[in-house]
Amino acid sequence: MASGSPAVAHVTPDLAAEHGLSSEEYAHLLDILGRAPSLTELGIFSVMWSEHCSYKSSKVWLRLLPTEGPRVIQGPGENAGVVDLGDGDAAIFKMESHNHPSFIEPYQGAATGVGGIMRDVFTMGARPVANLNALRFGEPDHPKTRHLVSGVVAGIGGYGNCIGVPTVGGEVNFDEGYNTNILVNAMCVGLARTDRIFYAAAKGTGHSVVYVGSKTGRDGIHGATMASAEFNDDTEEKRPTVQVGDPFTEKLLVEACLELMATDAIIAIQDMGAAGLTCSCIEMADKGGVGIDLDLDAVPTREQGMSAYDMMLSESQERMLMVLTPGAEEIARAVFTKWGLDFAIVGITTDTGRLVARHKGETKVDVPIDVLANSAPEYKRPWVLPEPPEAIDPSDVAPPESIEAALEAMIGSPHLCSRAWVWEQYDHMVMADTLVRPGGDAAVVRIHGTNKGLAATADVTPRYCAADPREGGKQAVAEVWRNLTATGAEPIAITDCLNFGNPERPEIMGQFVGCIEGMVEACNTLDFPVVSGNVSLYNETNGQAIPPTPAIGGIGLIPDITQIARIAPTAPDQNLVLIGPERGHLGQSLYMQIVLDAKLGAPPPVDLEAEKRAGDLVRSLIREDGVAAVHDISDGGLLIALCEMALAGNIGIELAPYQGNLPLHAVLFGEDQGRYIVAVDGDGQDILTRASESGLPARLLGRTGGDAITMGDESVFPLARLRELHEGWLPEHMRTI
Amino acid sequence: MKSSVIVFPGSNCDRDVAVSLEQLTGHAPAMVWHGEAVVPDSDLIVLPGGFSYGDYLRSGAMAAHSPIMTDIIAKARAGVAVLGICNGFQVLTETRLLPGILMRNASLKFICRDVLLRVERDDTIFTNHYTKGDVIRIPVAHHDGNYFSDDDTIRALEDEGRVVLRYCDADGTIGEDSNPNGSRANIAGVIDKTGRILGLMPHPERLADEALGGTDGAPMFRSLLEALH
């Protein structure tokens, strides 16, 4: 169904099926109501029971994730997670997908994804201070890719730039597995005071339910249902289900909400996101243990003749629902009027436990809230985990024609080239607190007015997850932890955005289960709880699923912003030390993919205990002012990481000849986990000693100097050439649009 | 020095410039809502960056008609110093306090990065702490920063020495390669005939604090303090 209310007035099993309800689910609905639902009620149940809102396929597995820790103030279940940063500061953050809409209409889909995640954060009382995103596109040459990249990047920038929240980090991948299902995952981090955090629970009866923000239109009706179905060739026809963003209104809404939150006027507040008015009413009422009577005639509407069905299911953006303390209505009205926003008292909390909506003198909805909120089906779907592939011995992986040729192919590839073309379209400096800009391991923003910093990053390596979901899930969490650590931050908590195909297929469900199990293990070992998240399933077109992509967003705390590590060496003659193992693991590496055109073998295993020791050592070194630069080693391996450091610092590196027994290409391009390169002013001997005391391998790699990366006399890679390759590919590719 | 920062709906660099003013001049500015009729007594009025009214009609066009603008225009004509940064520059051209317009960037894309600027005047109240010919590094962040005016106006601006900042490369050369947005004559900032009103696209408040990676924006605030204290 495209949009708007269906023409028929009587609900039939066929109409229920069109709304995405299975016959069992429809029977269950009849059972709950003891009668046939009205059309509006059917719409309400269909969105509340959609995969997007109910997590019916994933809930049973999500419960395995650790969600508690000494710094956790609020775990999953609210609009966003909340962690304690000390001194009364709290970070509130979450990541969410907007995949389906972004594929259909990339600019608006991505823009409203950013708007939605920011609302989740400021709803809880936080001022958004950093946006990140994790983007996956199809092959660069796929006919849709340029259009999608261009639209998504412009949409993210268009929204975040206007609001004035810096977009500081993220990642961009290209892979044929996303040709017809791109992923747009947006993350927002906000800051609040621990004593001024706002929740959704609408406690108490007789309180005004207030609608603020934009008017309600017919856009986005059934967005949540669309997000819970596979695509097919008719997908373009779903364009009307994509919402249209208005960042200017959202900016006003942020300021107005924060202004009102400084008073004691608000009992509960909830943004209207997926399933709009329906979902926000039900969540607030359910959490507060009350009922809500809604007067739909009072809802500000953009169009004439909107039905109850339209109003209850619209996903018009930039709207909030609040429950106010008695007598605070006029204070609130004054604030919203000042900011030029709609303000309407649309209902009242009751003791009936029911959601009742009246429109033009008729009762259109009368349903029990508790049942509606908590009776969503829950499935333990069948799953199969494939046998993990065998690890490949480095000596069995063909060497390149030459190291030069391999490096040139890799550094200038879509997978490893600079993303500056993307982040230069995002205002990453507004708010004047961005201490580490995009392009490093993690971005760092200053906690305004303090000497503390907040590090943030988003990562996952889908090719690892596809080869071995458990190891891939582990690796995603470990890489986030490592990237935060590389700036000097103490990793605090994560949000997850779990993107998978159709969960009704056992092999897809197996990928989901495997990734979750890997994440659980990593979160437990690294003391890295999950405080919020989102699941996006049915990322398939014509039966072709995306690679499993559990994107992980993490934040960390830097207690003293004078002790931050960046990836750029700061002077010549700094020694470079490798901390971590050298096993030359090339299975599922980018070397294999780019140079050998293969995706074979097991992904690199993550030794979580060693990971923790290496990270703890690196963090200590940074905090003792013992390092000049730090970079973690990930995609592409050691030589790529060294190139990134050299390019960032605009200074060459003289590498000492490799003395070990592994093939050179495995040493340079192997993607062994748990590794860092540290640049130091001294000779680095004390770091070797400290590493050895921690049971970690370490060796001197070489030192900074000159204007090339050299390995003895035979291999010389001039920085100018590396820069041309690294920075050239993406702008050139996008120029041909 | 008494200063006021005007807050339009959609301004988003108002806090940033207020922080720089306070840190570098020792005086916190008054934050003045656009709906007010009068700007409090000030030596300097700052129109900050952002997206006033969402830039929906044309950048700065709606803000130029905000209630407060009547008083700002009157005060500017009476000699109160006015600094327009980014969206503030766009508002100043829309009110005709400064000539020209800011069109969409030649690339048609939003652009956010550090750029190099050549200081063309060191004898203004905004730039007396720089030296003419200095190459400074300051970020831009805009979609509509492509300065345009007709040939006569550009010639007059050049003849009267009213181009204060120009996009340049590391050795101060002015050329197409160092022009981020297509501005005519690489113009990044212009001043009015009285020398009291400056509009510029780059954001000096974003690199005026060592923690942020540079301080080339700081002398602008120090210049104002010295001239207007």
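Residue numbers (the working numbering), protein chains in the order written: chain A, 87 to 823; chain B, 254 to 482.
We put the beta carbon where it would ideally sit given N, CA and C, even for glycine.
Asked	Found
Cα-Cα separation between residue 236/A and residue 444/A, rounded to whole angstroms	44 Å
8 Å contact criterion, which residue 555/A and residue 635/A should meet: CB distance rounded	Not a contact, Cβ separation roughly 11 Å.
3-residue-minimum beta strand (DSSP E) runs that sit fully inside the stretch 683 to 733 of chain A, ordered along the chain	715 to 718
Residue range of the alpha helix (DSSP H) that includes residue 677/A	676 to 681
Chain-ordered neighbours of residue 371/B on chain A, where CB pairs are closer than 9 Å	None at all; the shortest Cβ gap to chain A is about 22 Å.
Cross-strand partners of residue 381/A (DSSP beta bridge)	444/A
Three or more C-beta pairs below 8 Å linking the stretch 293 to 303 of chain B and the stretch 339 to 358 of chain B	yes
Rounded separation between residue 92/A and residue 133/A - CA only	Annotation note: pLDDT 48 at residue 92/A (below 50); position unreliable, coordinate value reported separately. Roughly 15 Å separates the two Cα atoms.
DSSP state of residue 639/A mapped onto helix, strand, coil	strand
Reference residue 407/B, options 358/B, 444/B, 283/B and 316/B, closest by Cα	444/B
Rounded straight-line distance, which links the Cα of residue 190/A to that of residue 631/A	17 Å
Residue(s) in a DSSP beta bridge with residue 65/A	No answer is possible for residue 65/A: it lies beyond the span of chain A, which begins at 87 and ends at 823.
Near the ligand GDP: residue 235/A beta-carbon under 7 Å from a heavy atom	No copy of the ligand GDP occurs in the structure displayed, which carries no ligand at all.
Counted within 10 angstroms of its Cβ, other Cβ atoms place residue 705/A as buried (16 or more) or exposed	buried
Spatial neighbours of residue 790/A in its chain, beta-carbon cut-off 6 Å, leaving aside the 5 residues before and after	655, 658, 660, 737 and 739
Residue 514/A to residue 530/A span [Cα, whole Å]	11 Å
Neighbour-count burial assignment, residue 747/A, 16 or more Cβ in a 10 Å radius	exposed
Status (buried if at least 16 other CB within 10 Å, exposed otherwise) for residue 561/A	buried
Contact belief for residue 505/A with residue 275/A at Cβ below 8 Å, rounded distance in angstroms	That pair is no contact at about 19 Å.
Per DSSP, cross-strand counterpart(s) of residue 658/A	Note: residue 658/A sits in no beta bridge, so no partner.
Residue from 481/B, 266/B and 260/B with nearest C-alpha to residue 378/B	481/B
Start and end residues, alpha helix (DSSP H) containing residue 765/A	Run containing residue 765/A: none in the alpha helix (DSSP H); it sits in the beta strand (DSSP E), 762 to 766.
Check whether residue 57/A and residue 725/A have beta carbons under 8 Å apart	Here chain A comprises residues numbered 87 to 823, so residue 57/A is not present and cannot be evaluated.
Min CB distance residue 655/A to chain B below 8 Å	no
Among 346/B, 462/B and 457/B, the one whose alpha carbon lies nearest that of residue 473/B	457/B
In DSSP terms, what residue 160/A is bridged to	168/A
Proximity to residue 381/A [Cα-Cα], best of 452/A, 103/A and 629/A	452/A
Boundaries of the alpha helix (DSSP H) in which residue 460/A is found, first to last residue	455 to 460
Burial state of residue 395/B, where buried means 16 or more other Cβ atoms lie within 10 Å	buried
Chain A residues whose Cβ lies nearer than 9 Å to that of residue 306/B	334
Reduced DSSP category for residue 450/A - H, G, I as helix; E, B as strand; rest coil	strand
Proximal residues to residue 423/A (C-beta, below 6 Å), its chain only, five neighbours per side dropped	none
DSSP three-state assignment for residue 837/A, whether helix, strand or coil	One cannot answer for residue 837/A here, as it falls past the ends of chain A, which runs 87 to 823.
DSSP state of residue 346/B mapped onto helix, strand, coil	helix
Proximal residues of chain A, C-beta to C-beta of residue 458/B below 9 Å	518
Coarse secondary structure for residue 390/A, derived from DSSP in three states	coil
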